[in-house]
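For the record, the sequence lines run as chains A and B. Each residue of the first sequence is one higher than the one before, counting from 1 in UniProt numbering. Each residue of the second sequence is one higher than the one before, counting from 1 in UniProt numbering. The structure under discussion appears below in the form of structure tokens.
Number of protein chains: 2
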Amino acid sequence: MEFSSKLLEKAVDEMSQLPGVGKRTALRLVLHLLGQPKENTLQLAEALSTMRNDIKFCKNCNNISDTDLCEICSNPNRVEDVICVVEDIRDVMAIENTSSFKGLYHVLGGKISPMDGVGPNDLNIEPLVQKAREGKIKELIFALGSTMEGDTTNFYIYKQIQEFNITTSTIARGISVGNELEYTDEITLGRSIINRIPFETSLKS
Amino acid sequence: MEFSSKLLEKAVDEMSQLPGVGKRTALRLVLHLLGQPKENTLQLAEALSTMRNDIKFCKNCNNISDTDLCEICSNPNRVEDVICVVEDIRDVMAIENTSSFKGLYHVLGGKISPMDGVGPNDLNIEPLVQKAREGKIKELIFALGSTMEGDTTNFYIYKQIQEFNITTSTIARGISVGNELEYTDEITLGRSIINRIPFETSLKS
């Protein structure tokens, strides 16, 4: 693409570095901004740079936060020794929305994925093992996505903390509420039969 | 969505004002930026605000430019009295890529569209009529998209400049090069028969 303006070209180049945004989409977005009042663009730019400069990660759980200790970790009503291992802030938000968990989180910042060049040392795993070593964890809940990378990460962490007498669990895999059996994939359905739960338990939830 | 960080929330809110970007996509984009070196985000923010603050519109054709007169309008080799009417810079770039046009452009900045609240006065039409009145235009080529709004805008401008003895044309509508007849819509095919061109002419292009 040849641009009549270097400023426009630079803006489009920068925008097109976002994931899923090509040159054409970037041009569309930038032209949209040009058609809006100047303040909109300046506010967007300001919000992005302030966010990147000032944002913090919670010392305890590594979640994104405005303070040294995030709201969840600093809440005295949460159960401190039950820890849910998640990939990133989106998972924290999703679980918080269910109001079904009263413990704390531990945000890994990704999953082990050799294909993408992400090894255990690139993730926030060591502080979790350290907590386990210090006897601060009673139960650990693995809540990573049910993929090869998620399972690998779960297993890696499990091996690291195995010796510390911690109850471990993973969130249940099974048929989504409201789904028909016939549309469920075979692996999920097969596992949901093997890992069946007592009927009385299912009545309570 | 409830965010654990006001800074993050603000950035997501601003990003989600871009067309086609919802809250979830905005969060994904912002988390991507957080995973990248700080410079990337700052450069993006800088490029956007500089672009919005410093960009100019060419005095003559209203195209986006870094100078008062754009590169095309200031090029002495272009034919000054043949003017191609287009919607925005993307159309200029598309036509320039063909190397088939040696005249100047006139960028309207949109199309007349009552549904979107865009009337003739919101567009850059008056300067074009003024040029016509001053006898600066020999030929006017309408190159707007072939939609209801495009046709309306063409007709509106045509009525305004009708009295000034200007040759007017629109870019040809017809079957795309390489297309089979059976997949062409009826209106295009019908028009392409009515507006057929001499075979000798078609050999030259």
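Even for Gly, the Cβ is constructed at its ideal location relative to N, Cα and C.
Query                                                                                                                                                               : Result
Consider the Cβ of I64 of chain B: report whether some Cβ of chain A lies at a distance smaller than 8 Å.                                                           : yes
Find out if the Cβ-Cβ distance for the pair D81 of chain B, I157 of chain B is shorter than 8 Å.                                                                    : no
Just to make sure I have the definition right: I need the residues of chain B whose C-beta is within less than 8 Å of the C-beta of P19 of chain A. Which are they? : R28, L29 and H32
Give me the Cα-Cα distance between A132 of chain B and T152 of chain B, rounded to the nearest whole angstrom.                                                      : 19 Å
Taking only beta-carbon atoms, is D116 of chain A less than 8 Å away from chain D?                                                                                  : As a matter of chain content, chain D is missing from the structure shown, whose protein chains are A and B.
Is it the case that the Cβ atoms of E14 of chain B and L44 of chain A are separated by a distance below 8 Å?                                                        : yes
For I161 of chain B and L140 of chain B, which I take to be in contact (beta-carbon distance under 8 Å), what is that distance rounded to the nearest angstrom?     : 7 Å
Any idea what DSSP makes of L108 of chain A, helix, strand or coil?                                                                                                 : coil
Among the candidates B:G135, B:E134 and B:V118, whose CA atom is the shortest distance from the CA of E149 of chain B?                                              : B:V118
Express the C-alpha separation of D91 of chain B and T188 of chain B in angstroms, rounding to a whole number.                                                      : 21 Å
Return helix, strand or coil for L140 of chain B, following the three-state DSSP convention.                                                                        : strand
Are the C-beta atoms of T168 of chain B and some chain A residue less than 8 Å apart?                                                                               : no
Evaluate the contact criterion for the region 33-42 of chain B versus the region 54-61 of chain B: three or more CB pairs, one atom per stretch, below 8 Å.         : no
According to the Cβ coordinates, are S16 of chain B and K10 of chain B closer than 8 Å?                                                                             : no
Do you know how far the Cα of L33 of chain B is from the Cα of residue 212 of chain A?                                                                              : This structure gives no information on residue 212 of chain A, because the portion of chain A shown stretches from 1 to 205.
Relative to the C-alpha of L181 of chain B, which candidate in B:I171, B:I193 and B:S202 has its C-alpha closest?                                                   : B:I193
Would you mind reading off the limits of the alpha helix (DSSP H) that contains D54 of chain A?                                                                     : K38 to D54
Quick check: what's the CA-CA separation for T147 of chain B versus I83 of chain A?                                                                                 : 58 Å
Under 8 Å between the Cβ atoms of N75 of chain A and V107 of chain A?                                                                                               : no
Considering only the beta carbon of each residue, do S4 of chain B and I166 of chain A sit closer than 8 Å?                                                         : no
I'd like the ranges of any beta strand (DSSP E) spanning at least 3 consecutive residues and lying wholly in the UniProt domain "Toprim" (81-176) of chain B.       : 103-107, 139-142 and 167-170
Does any C-beta atom of chain B lie closer than 8 Å to the C-beta of E182 of chain A?                                                                               : no
Could you have a look at V21 of chain A and say whether DSSP puts it in helix, strand or coil?                                                                      : coil
Check whether chain A comes within 8 Å of E149 of chain B, counting only Cβ atoms and requiring the distance to be less than that.                                  : no
Since E14 of chain A is in the alpha helix (DSSP H), which residue starts that stretch and which ends it?                                                           : K6 to M15
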